[in-house]
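Asker: Numbering (our numbering), first residue to last: 4 to 196.
Even glycine gets a Cβ: it sits at the ideal position worked out from N, Cα and C.
Next up is a structure, given as structure tokens.
What follows is the structure, encoded as structure tokens:
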């Protein structure tokens, strides 16, 4: 058992220690496992873009695969508002222009706004997760606030390069648990539907 603060620091370091070859191998295995999930039933999928230099799962591989194999799905990407600690959501369209913000996150410059209520799935970044579906993010609460305004049936799917820890000891009532988490080895299910 460990606290979110301890786990956050540990997994930031573990990711940064990955070699390029290890990172590429984990991302390719993650893509293979991601491809096994039934995406065809969804219309709107929200997906994060990786933070440059943090060795997050490479969602560009997943985005390219989804766009090629499920062109009917509207992909949606976030833009952070650091003043209000909220996010705005934009449709991924052919003419979408991305720019790096000061934290190294590619974000839409502008575009067609998509409302949280429209989303069928939110694919979540995380540093680690536990066997109960709780996640540790970066600690600002962006995704917990965002998920609180999504539809109750919106599926919450985490992506992790690593398998879960046994238990995150300091979960609070505002933490929104995952329904699934996809790793390079496993699709973890926490809630049937």
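Let me check understanding here. Comparing Cα to Cα, which of 43, 47, 164 lies closest to residue 130?
Answerer: Ranking the options by Cα distance to residue 130, first place goes to 164.
Asker: The beta strand (DSSP E) with residue 183 in it runs from where to where?
Answerer: Its beta strand (DSSP E) spans residues 183-185.
Asker: Are at least three pairs of beta-carbons, each pair with one atom in the stretch 4-13 and one in the stretch 161-180, less than 8 Å apart?
Answerer: Contact holds: three or more Cβ-Cβ distances are below 8 Å.
Asker: Sort 123, 106, 67, 182 by Cα distance to residue 83 and report the nearest one.
Answerer: Nearest C-alpha to residue 83: 106.
Asker: Quick check on residue 134: does DSSP put it in helix, strand or coil?
Answerer: In this structure, residue 134 counts as coil in the three-state DSSP scheme.
Asker: State the Cα-Cα distance for the pair residue 94 and residue 15, rounded to the nearest angstrom.
Answerer: Distance between the alpha carbons of residue 94 and residue 15: 29 Å.
Asker: Determine whether the beta carbon atoms of residue 104 and residue 61 lie at a separation below 8 Å.
Answerer: Taking 8 Å as the Cβ cut-off, residue 104 and residue 61 do not qualify as a contacting pair.
Asker: Quick check: the Cα distance between residue 120 and residue 70, rounded to an integer number of angstroms?
Answerer: Whole-angstrom Cα-Cα distance: 22 Å.
Asker: So, at 7 Å on beta carbons, what are the nonlocal neighbours of residue 26 in its own chain, with the 5 sequence-adjacent residues on each side left out?
Answerer: Hits under 7 Å: 58.
Asker: Report the rounded CA-to-CA distance for residue 188 versus residue 28, giving the unit in angstroms.
Answerer: The straight-line gap from Cα to Cα measures roughly 12 Å.
Asker: Would you give the residue range spanned by the alpha helix (DSSP H) that residue 62 belongs to?
Answerer: Segment 62-72, the alpha helix (DSSP H) holding residue 62.
Asker: In the DSSP assignment, the beta strand (DSSP E) including residue 77 goes from what residue to what residue?
Answerer: Unbroken beta strand (DSSP E) run through residue 77: 77-84.
Asker: I'd like to know whether the C-beta atoms of residue 150 and residue 179 end up nearer to each other than 8 Å.
Answerer: Their beta carbons are under 8 Å apart, which means residue 150 touches residue 179 by this criterion.
Asker: For residue 123, count neighbouring C-beta atoms within 10 Å of its own C-beta (all shown protein chains included) and say buried if the count is 16 or more, exposed if not.
Answerer: By the neighbour-count rule (16 or more Cβ atoms within 10 Å), residue 123 is buried.
Asker: Which one of 65, 55, 54, 21 has the shortest CA to CA distance from residue 48?
Answerer: Cα-wise, what sits closest to residue 48 is 65.
Asker: Going by C-alpha distance, which of 153, 154, 135, 127 is nearest residue 141?
Answerer: Cα-wise, what sits closest to residue 141 is 127.
Asker: DSSP on residue 117, reduced to helix/strand/coil?
Answerer: It is coil, neither helix nor strand.
Asker: Take the Cβ of residue 22 as the centre, count every other Cβ of all protein chains shown within 10 Å, and call the residue buried at 16 or more, exposed below.
Answerer: Exposed.
Asker: Who are the near neighbours of residue 102 in its chain, counting only those whose CB is closer than 6 Å to its CB and skipping five residues on each side?
Answerer: Hits under 6 Å: 112.
Asker: Using the Cβ count rule (16 or more neighbours within 10 Å means buried), how would you classify residue 181?
Answerer: Buried.
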